[in-house]
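So the sequence shown is numbered by the working numbering: it starts at 1419 and just counts up by one. Using N, Cα and C, we set each Cβ at its ideal position, and we do this for glycine too. All values reported here derive from a predicted model rather than from experimental measurement.
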Amino acid sequence: MNFTLPKKTYGYILFEVLFSLALLSMAGITLQYALQQAILTRGQAQDYTTARFLLNKIISEIELKPQLVQEEKEDKFPPPYDRFSYKWKVSKLEIPMPDLPSNLPPPVRENLEKIFKDYMTKVDVSIMWHRAGMKFEIDSQTLYQPEKLWLPPEERKR
1419 MNFTLPKKTY GYILFEVLFS LALLSMAGIT LQYALQQAIL TRGQAQDYTT ARFLLNKIIS
1479 EIELKPQLVQ EEKEDKFPPP YDRFSYKWKV SKLEIPMPDL PSNLPPPVRE NLEKIFKDYM
1539 TKVDVSIMWH RAGMKFEIDS QTLYQPEKLW LPPEERKR
């Protein structure tokens, strides 16, 4: 038995190998890009989770104060969270007196007008961080009863 190749098939093996290598390299690039995106997404999800816990920490520290003063603060977290920074602001939020129903009895109406406070305490907290050259931020706003905000005597109405 003598095996010989026909003369017309010379060179096709080289073409097939080159074509296969091109397909493999394109598949490899696609796979590498998909893995890179998965790693980046996992890191971002971990950062958002960490930022949410840090946000809750700042809010709980503010909530534990018996009274709040209108002020702002900006700082960085200590290691291992030194990539994260925060800022918070306590302010007075003015609210208008709502229209009271006309069928309220006069004593009830007077009592509601007497106890109504025309403001609330507003706390804004932001957590900022960087990952892969991009900036990220989460924000939170919380409202508290008017008595939580300390006001100078000349500003107190009731």
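If the criterion is Cβ atoms closer than 8 Å, does the pair Asp1536 and Met1515 meet it? yes
Of the choices Ala1550, Thr1560 and Ile1447, whose alpha-carbon is the least far from that of Asp1465? Ala1550
Sorted by chain position, which residues of the same chain lie with C-beta nearer than 6 Å to Thr1468's C-beta, five sequence neighbours on each side aside? none
Report yes or no: do the stretch 1470-1484 and the stretch 1519-1535 share at least 3 C-beta pairs separated by less than 8 Å? no
Determine the burial state of Pro1564: buried for a count of at least 16 other Cβ atoms within 10 Å of its Cβ, exposed for fewer. buried
For the alpha helix (DSSP H) containing Asp1465, list its first residue and its last residue. Tyr1430 to Glu1481
Going by C-alpha to C-alpha distance, which of Glu1528, Leu1518 and Glu1489 sits closest to Lys1540? Glu1489
Would a C-beta distance cut-off of 8 Å place Leu1472 and Phe1495 closer than the cut-off? yes
Spell out whether any CB of chain B is found under 8 Å from the CB atom of Ile1513. Going by chain labels, chain B is absent from the structure shown, which holds only one protein chain.
7 Å CB neighbourhood of Ser1509 in its chain, flanking five on each side removed: Gln1488 and Lys1540
Please determine, among Ala1463, Leu1486, Ala1452 and Leu1432, the residue with the shortest C-alpha to C-alpha distance to Leu1567. Leu1486
Which residues in the same chain have their Cβ closer than 8 Å to the Cβ of Arg1527, if we skip the five residues on either side of it in sequence? Leu1518
At the level of alpha carbons, what is the spacing between Ile1447 and Ile1556? 34 Å
Let's see if you can read the secondary structure: which residues bound the alpha helix (DSSP H) around Lys1577? Residue 1577 lies beyond the residue range present for the chain, which begins at 1419 and ends at 1576; the question has no answer from this structure.
Where Ala1440 and Phe1433 are concerned, what is the direct C-alpha to C-alpha distance, given to the nearest angstrom? 11 Å
Sheet register partners of Glu1555 (DSSP bridge): Met1546
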